[in-house]
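Heads up, the thing below is written out as structure tokens.
There are 2 protein chains.
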Amino acid sequence: MSKKVVIIGSGFGGLAAAKELADTEFEVTLVDRNNHHLFQPLLYQVATAALSPADIAVPIRSVFSSNKNINVFLREAVSIDTQSNKVVLSDGELDFDFLIIATGTRHSYFGNNEWEKFAPGLKTLDDALEIREKIISSLEKAELISDKEKQKEYLTFVIVGGGPTGVELAGAIAEIAKKTIIKDYRNFLPSDTKVILIEAAGRILSSYSEDLSESAKSDLENLGVKVMLNQQVTLIDESGVKIGNQFIKTKNVIWAAGNEASELLRSLNTKLDKAGRVIVNKDLSVGENENIFVIGDAACFLNNDGKSLPGIAPVAIQQGRHAAQIIKNSHTSNTRKEFIYRDKGSMATIGKAKAVAEIRKIKLKGLIAWLAWSLVHVVFLIGYRNRFRVMIEWIWHYITNSHGTRLIVNKRN
Amino acid sequence: MSKKVVIIGSGFGGLAAAKELADTEFEVTLVDRNNHHLFQPLLYQVATAALSPADIAVPIRSVFSSNKNINVFLREAVSIDTQSNKVVLSDGELDFDFLIIATGTRHSYFGNNEWEKFAPGLKTLDDALEIREKIISSLEKAELISDKEKQKEYLTFVIVGGGPTGVELAGAIAEIAKKTIIKDYRNFLPSDTKVILIEAAGRILSSYSEDLSESAKSDLENLGVKVMLNQQVTLIDESGVKIGNQFIKTKNVIWAAGNEASELLRSLNTKLDKAGRVIVNKDLSVGENENIFVIGDAACFLNNDGKSLPGIAPVAIQQGRHAAQIIKNSHTSNTRKEFIYRDKGSMATIGKAKAVAEIRKIKLKGLIAWLAWSLVHVVFLIGYRNRFRVMIEWIWHYITNSHGTRLIVNKRN
Chain W
238 MSKKVVIIGS GFGGLAAAKE LADTEFEVTL VDRNNHHLFQ PLLYQVATAA
288 LSPADIAVPI RSVFSSNKNI NVFLREAVSI DTQSNKVVLS DGELDFDFLI
338 IATGTRHSYF GNNEWEKFAP GLKTLDDALE IREKIISSLE KAELISDKEK
388 QKEYLTFVIV GGGPTGVELA GAIAEIAKKT IIKDYRNFLP SDTKVILIEA
438 AGRILSSYSE DLSESAKSDL ENLGVKVMLN QQVTLIDESG VKIGNQFIKT
488 KNVIWAAGNE ASELLRSLNT KLDKAGRVIV NKDLSVGENE NIFVIGDAAC
538 FLNNDGKSLP GIAPVAIQQG RHAAQIIKNS HTSNTRKEFI YRDKGSMATI
588 GKAKAVAEIR KIKLKGLIAW LAWSLVHVVF LIGYRNRFRV MIEWIWHYIT
638 NSHGTRLIVN KRN
Chain G
238 MSKKVVIIGS GFGGLAAAKE LADTEFEVTL VDRNNHHLFQ PLLYQVATAA
288 LSPADIAVPI RSVFSSNKNI NVFLREAVSI DTQSNKVVLS DGELDFDFLI
338 IATGTRHSYF GNNEWEKFAP GLKTLDDALE IREKIISSLE KAELISDKEK
388 QKEYLTFVIV GGGPTGVELA GAIAEIAKKT IIKDYRNFLP SDTKVILIEA
438 AGRILSSYSE DLSESAKSDL ENLGVKVMLN QQVTLIDESG VKIGNQFIKT
488 KNVIWAAGNE ASELLRSLNT KLDKAGRVIV NKDLSVGENE NIFVIGDAAC
538 FLNNDGKSLP GIAPVAIQQG RHAAQIIKNS HTSNTRKEFI YRDKGSMATI
588 GKAKAVAEIR KIKLKGLIAW LAWSLVHVVF LIGYRNRFRV MIEWIWHYIT
638 NSHGTRLIVN KRN
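Structure below.
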């Protein structure tokens, strides 16, 4: 009888693992609570009305349409029973011989979960649509308000967290508020809008080299973003954000400050780091459980220097393949290779024709970094159709500055 | 002082009127509760995962970006005060010298409003996304069910109403359930799915000639749709639909059977027809109110033969222009032209490379009608960007049969 592999999560890691196991003798079940794989690096473009959800998402089923050994299961995994090798689902359970956990992270409010309703994070399509509607609705509300003080609250956008997501959001929102969409309104001017990026550390993009951080900061400032460094948020409520003694009145706060791994990992009864990620063995397995692997953002893989790998797509993809290869080799080989990360570099975009990139020892900024960023993101987008669509969208956007997906669809409030 | 024109609704009629009044001396306010103009004839393609919402919708503001005399007001109009020439909004009010009401219709359940929650209609992007999620979620649920009887309920799709919307939906759903998306599932076959179109009259597409109705019917049947004529729905609940003595068990009912004009029209205190539409004067004005016009689906314009004009885009557009021209000419001319509808024909599509069209005396069916349909719909789509995107999507869809927007985004239930 063929052995059963269960993969939880169909992000970059889970999808890479499933592809590696496609058309083998293993019976693979890919469990996800969403029906789509999401190209998360471009999610901020959905949140800022540049791309449609369908441009950056593919139905998981369609990816494995022709791989008959892969079953897609639209369910939520709740916990792992390591004794009896079972995944407990919201209804039912799944047996496994091998398990790959690739559940990613959610944003974390460092114990202040009550902030979430005023300051949404950006991890899912739902999140992105919520933020898009928040931004566009705020402009609409501001258009109807004549009291300039009151209007300002709707025209102030605060992004908390100066990592890649925060930086990309701040840049894209500044383009909307200072240059593009703003032109369609009659009742306020670009100078009435404010975009503020708050970072707790001494510089933004702290995983990059210092001169790239500096370059990104001045690019943001040229777009009209106020970058506040060394600032800790102490309160977020419906009227605004508190930083130290200063209170910024705003209806628009977006949270891009912290991540936290899934609760599910606790059921493994193994060592977690402070972000709740599983500290994995050198082969990506978990504690004594040779048949259970944790990969991607859910894993804390410590290098020999004691540093953990960053939560980015290339790490997840390489780990997904590595775990799947160990499983594929399991009946012929007893020795397991250690996982070694091959650094492909990292990049973040700041606005039209502006980006920073670090590829091995090479540092890029400005237009050339932005072209590299565009190329890499289009090439790695899953599905020819999406690649083609996004490329067309970007070219169109570049030429016309139009934001095609400025729709308020769901009246959530 | 320049005169104030208020237009309520930015569908085809309202938009045409506003465009006619752009860059004139009138101060125009376009009121809509949505921020986008919707190309409604293609809405069924959003509901069936072929197009993205942004492909068929444009932000109203962006249409009038450069026309400084047109203000866009994102509000809901509640009633009209004909004595003091005011539109009452959900908050606040608007004075007018001239008023154009273009509020369209919602679907009507003929007094059975409790059916709505089981059988959504298709008028807005929200509706379309709800139906899309219903269809895809049903396939997902069926995949997880092993009991064949229970599974069947999720694989049965009932469309009530055999007008253009019902026919187009039935054809598109049959393609999903019999040919395209179905291939990605492991647990059921095309033959396990059922698509049923229920029509109360003796033929579908009753506004077309009899042979085109017949042709559309046999096209649908070739796609695997069961067409039930002369059947009245007597009950819809969570378990299915009742027709006469027959009960069809299904989790998927879509309502495309009737329309009803907006409640707002009642505040005009004038004569309404049985669908709640205002019976307008020959110049589209209302009763004694020379300065108030009702156009498009909200109006019942009686021809000399006593028949009313159909609720289609060309009627709304021509009426919008007509009302706006009367307003433009109001200070130079006291005589008003009667509205005369120039029939541009009508068309409906049934599936890939199948359609029916009636253009003046010319009747088309099959591939040639479908090509005509595609051309007309792409040409009339508002905005070059959308035209281009939709064309690309259709070509892609035609070649690959893929449904690119199969996303379950909002967990509404």
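Here the protein sequences line up with chains W and G, keeping their order.
Position in the first sequence (from 1) plus 237 gives the number in my numbering.
Position in the second sequence (from 1) plus 237 gives the number in my numbering.
Ideal Cβ positions, reconstructed from N, Cα and C, are used throughout, including at glycine.
Here the structure is a predicted model, which means the values were calculated and not measured.
Return no unless some Cβ of chain G is closer than 8 Å to the Cβ of residue i.
i	result
residue 622/W	yes
residue 650/W	Model confidence at residue 650/W stands at a pLDDT of 31, short of 50, so the residue's coordinates are unreliable and nothing is read from them.
residue 272/W	yes
residue 390/W	no
residue 571/W	no
residue 377/W	yes
residue 294/W	yes
residue 332/W	no
residue 639/W	yes
residue 362/W	yes
residue 421/W	yes
Could you tell me whether the Cβ of residue i comes closer than 8 Å to any Cβ of chain W?
i	result
residue 619/G	no
residue 631/G	no
residue 534/G	no
residue 266/G	no
residue 415/G	no
residue 291/G	yes
residue 646/G	yes
residue 510/G	no
residue 373/G	yes
residue 311/G	yes
How long is the line joining the alpha carbons of residue i and residue j, rounded to whole angstroms?
i	j	result
residue 536/G	residue 474/W	47 Å
residue 553/W	residue 249/W	6 Å
residue 331/W	residue 310/W	10 Å
residue 500/W	residue 323/W	17 Å
residue 575/G	residue 519/G	5 Å
residue 597/G	residue 267/G	34 Å
residue 591/W	residue 393/G	51 Å
residue 636/G	residue 260/G	44 Å
residue 375/G	residue 414/G	11 Å
residue 460/W	residue 476/G	56 Å
residue 317/G	residue 512/W	57 Å
residue 633/W	residue 351/W	40 Å
residue 677/G	residue 258/G	Any property of residue 677/G remains undetermined from this structure, which presents chain G solely from 238 to 650.
residue 488/W	residue 378/W	11 Å
residue 430/W	residue 607/G	48 Å
residue 588/W	residue 405/W	7 Å
residue 620/W	residue 284/W	21 Å
residue 586/G	residue 386/W	52 Å
residue 548/G	residue 301/W	44 Å
residue 433/W	residue 371/W	16 Å
residue 521/W	residue 505/W	14 Å
With which residues is residue i paired in a DSSP beta bridge?
i	result
residue 318/W	323/W
residue 584/W	594/W
residue 522/G	530/G
residue 625/W	Per DSSP, none; premise fails for residue 625/W.
residue 335/G	242/G
residue 310/W	268/W
residue 600/W	595/W
residue 342/W	498/W
residue 431/G	393/G
residue 515/G	509/G and 536/G
residue 294/W	275/W
I believe residue i touches residue j by the beta-carbon criterion, under 8 Å. Please report the beta-carbon distance rounded to the nearest angstrom.
i	j	result
residue 622/G	residue 639/W	7 Å
residue 390/W	residue 486/W	5 Å
residue 264/W	residue 306/W	6 Å
residue 239/W	residue 262/W	5 Å
residue 359/W	residue 281/W	6 Å
residue 354/W	residue 452/W	Between residue 452/W and residue 354/W the Cβ distance is about 35 Å, and since that is not below 8 Å, they are no contact.
residue 345/W	residue 496/W	6 Å
What runs of the beta strand (DSSP E), each 3 residues or longer, lie entirely inside the stretch 356 to 399 of chain G? 393 to 397
Please list the segments of the beta strand (DSSP E) lying wholly inside the stretch 435 to 505 of chain W, counting only runs of 3 or more residues, in order along the chain. 462 to 465, 470 to 474, 477 to 480, 483 to 486, 489 to 492 and 496 to 498
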